[in-house]
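Residue numbers (the working numbering): 119 to 535.
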Ligand SMILES: Cc1ncc(COP(=O)(O)O)c(C=O)c1O
């Protein structure tokens, strides 16, 4: 059996809607763009929605609309998809990282408080709040901690439909985003959306996504620097049809997530996703498991100060850094060996996420190395996404479970140094 990591949920409705566009020959800036924006806006409960050609474009436009400038700093988690941080670089600004909470995998409120108390200066002008894997940030706490001057953007690209204390994700900052690559809750092929209650931000983003054209719609006159970040009509039609089915799709994903919870509930070698109690609706994007560090410590030596997740990890001095790097690489090696076994037996999986600060070009630009954000590095060395999509069958989920447990048993007989 082969079970892919992800898959879209496309029915006749989606096919008919796209055919409608092709038959109309209106392939850009047509009625489906409007309809898609309308349905998203209502779903998020926001005043404005602007559909664009990717989640990255959506984040970039917001950063520009908020007047984020060269050399300014933007707080962000290092445990995210790379574009959450990259958009600061697009504007020659600097992403500054705050390490994560080892349970939620989101930026830690405690570390944020420490950063604001110790390192906050006027050049920190933006906060990119990422709801990682659809799990909400502790928004109430974050809104209390951040100085008023810092402009908040919500990267809710992975969190369409999620709710924190009854409030939809995407609505906590000046503007929020959803993304629609085919592994997302709903897809437009490629695409993203900005949601906001702020008319000025909306107008600026709308203009900049369309070559800086003004409200008059004059095609060859640009009022400001802009891009072609427009969403085309076929993508919008696909998104519109998917949104018509959002409740059905969300409940299927929830059901599949619950199946995994049931399957893995007594499997102590892995740790299941942690859903904080403030979550009134969990939006299921990916299903990420973590190798249990206690189990890993039966394969290689792991110091107790690393094994207790609730103790702060501080890497200080050359020797400590060297040992830390060796440890992280050893754990990574176990994870890679394990994931290779899954792949050989037809179960697709991926190490989710690789730390942003350790990406080759971030190391080069900023000199980051292992030990800079240890919780992110440790969690990243242990976490992996397993096949998850709304049409995954119970038979496939059972197979994934079986292969994972078998592979863990096989790993136990191997020697790691
Ligand atoms: C957290 C996060 N931010 C931003 C993006 C960017 O979206 P896109 O791939 O559509 O540019 C993604 C997409 O995977 C994401 O997961």
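Where a beta carbon is used, it is the ideal one built from N, C-alpha and C, also for glycine.
The alpha helix (DSSP H) runs of length 4 or more contained entirely in the stretch 196–277 are, from start to end of the chain, 201–208, 227–237 and 257–263.
Burial check for residue 402: the Cβ neighbour count within 10 Å reaches 16 or more, so the residue is buried. Only residues of its own chain outside the window of five on either side were considered, and among them 344 and 348 have a CB closer than 7 Å to the CB of residue 328, listed in chain order.
In the DSSP annotation of this structure, the continuous segment of the beta strand (DSSP E) that includes residue 405 starts and ends at 405–409.
For the 8 Å CB-CB criterion, residue 318 and residue 398 do not form a contact. Contiguous beta strand (DSSP E) elements confined to the stretch 471–512 occur at 501–504, taking only those with 3 or more residues.
If you ignore the 5 residues before and after residue 146, its C-beta comes within less than 8 Å of the C-beta of 348, 350 and 351, all in its own chain and listed in chain order. Residue 274 is positioned such that its CB atom lies closer than 8 Å to that of residue 295. Residue pairing for residue 314: DSSP places it in a beta bridge opposite 166 and 293. 208 is the residue among 175, 176, 208 and 423 whose C-alpha sits nearest the C-alpha of residue 191.
No Cβ-Cβ contact shorter than 8 Å links residue 259 with residue 216. The criterion of a C-beta distance shorter than 8 Å is not satisfied by residue 389 and residue 168. In the structure shown, the three-state DSSP call for residue 281 is strand. Proximity of the beta carbon of residue 308 to ligand 1 is indicated: a heavy atom of the ligand is located closer than 7 Å. Here residue 203 has 194, 213 and 474 as same chain residues with Cβ atoms under 7 Å from its own Cβ, once five neighbours each way along the sequence are excluded. Rounded to whole angstroms, residue 437 and residue 177 show a C-alpha spacing of 39 Å.
When the Cα atoms are used, residue 479 and residue 143 turn out to be separated by approximately 43 Å.
Counting along the chain, no alpha helix (DSSP H) covers residue 535, and no H or E run does either.
Beta-bridge analysis with DSSP links residue 331 to 340.
In this chain, the alpha helix (DSSP H) harbouring residue 422 covers 422–425.
For residue 163, same chain residues with a beta-carbon under 8 Å away, outside a window of 5 residues either side, are 286 and 289 in chain order.
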